[in-house]
Each structure stands twice: as structure tokens, then as C-alpha cells.
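For the sequence shown, our numbering gives the first residue as 3, with consecutive numbering after it.
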Amino acid sequence: MIMSNVILYIATSLDGYIAKVDHDISWLSNVEVKGEDYGYRDFFDGISAVIMGNTSFQVIKDFDDWPYADKQCFVASHSPDITPNDNVTFITDPAATIKQLKASSKGNIWLLGGANLADSLLRLDLVDELILSTIPILLGNGIRLFNAPLPELGVILLSSQSYPSGLIQTHYKIIKNNKSA
């Protein structure tokens, strides 16, 4: 049986930030082009579950329409004292949830963010792929995608695509600790 992959699919500035200090992500609109989704629809169609941190959820929950209605959605939180929400399941042990999903999901698992959750799952060797959309902007400050010190992780470039908007999307496979490619 083929197990699902956990894919960190996220946008970052040229200097490695995923949001401004106040969690503002309006700078992502710098690369909005009518009719261009940068492969998002194909990616989204290939996932069966979404896992995110509570800070990411707090931003997304206020959208007019819940964007992940047909996916299993999990929100990692340090506090079990969370107001219930019909769209998501709150979890306090994301590693255990990831292991269960990898064994049972029919599609890949989108690690939506944020940075703290991505860091912890990378440290636990639970992320299989990275799809990074680099936006042509230098933010100078904000929330870093990767916080130091991360363990050294080898990666294999699966694809790289540049777009007229200046966005560059790179897709990497993480070389697992057992060094298999």
C-alpha cells in the first residue's frame, strides 16, 4: 500500500518570511494574475487532508467561505480548550495525527502552516515534500518559514517553474533519515 505524502505547500518572500510580524499576508497579492493559479488546483485535487497551526486557522476561519469543505481538516493547538468548529478537528498531537493520516488517507496531506508546526514536523522527519512558491519581495522582517536551528535535511529537486509574475515555484522531495531517495 502506498502511503500518503505530507507536503508543505507554502508561499515565502525572497528573504524567507511567510507573513509580516502582524501575520499580514496581503503581499501575496503582488503575484495575482487572472487565470493563473500556479498549480494550486492540481495540488488541491491531490490532497485528502489539511493540517494547520492555530494561528493559520485564526486567519482562515474568517473567510466568507470555508476553502477546504471537502477535505479532512485538522488544527494543531497547544490548548485543548478551543471553541468547537464544524469545519475542523482540533488536535494536540500533530505527529500522531500525521502518522494515522499517512497510513489511511487516499490522498496527500497538505501541511498548510504555520512556521512552528512546519518546524516541529520537519524535526520529527514527518514531512515528505516541500512546494515553495517564492514571491519576488523582500519583507525585511516577519515570521520566518524556517526557524533555526533545524536539523540538516537533504532534498532532491523534483521541479522548478518560473512565472511571468516573478513567482518561482520549487518542488523538493526530502531525503529521509534512512537516506532513501
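Built from N, CA and C at the ideal position, the CB exists for glycine as well.
When the five nearest sequence neighbours on each side are left out, the beta carbons in the same chain lying within less than 7 Å of the beta carbon of valine 35 are those of Ser167, in order along the chain.
Collapsing the DSSP output to three states places valine 52 in a strand.
Separation of the CB atoms of isoleucine 177 and isoleucine 158 is rounded to 6 Å, and the pair is thereby assigned contact status at 8 Å.
Measuring C-alpha to C-alpha distances from aspartate 130 to each of Ile137, Asn118, Gly142, Leu155 identifies Leu155 as the nearest. 8 Å or more divides the Cβ of serine 162 from the Cβ of tyrosine 40. In the three-state scheme derived from DSSP, where H, G and I count as helix and E and B as strand, asparagine 110 is classed as strand.
Remark: three or more beta-carbon pairs, one from each stretch, lie closer than 8 Å, so the stretch 51-60 and the stretch 104-120 are flagged as touching. The continuous alpha helix (DSSP H) containing phenylalanine 46 extends over residues 42-47. Look at valine 33 here: in three-state DSSP terms it is helix. Under a 10 Å Cβ-count criterion, proline 69 is classified as exposed, with fewer than 16 other Cβ atoms of the shown protein chains found around its own Cβ.
Inter-residue distance for phenylalanine 148 and glycine 37 is about 31 Å (C-alpha atoms, whole angstroms).
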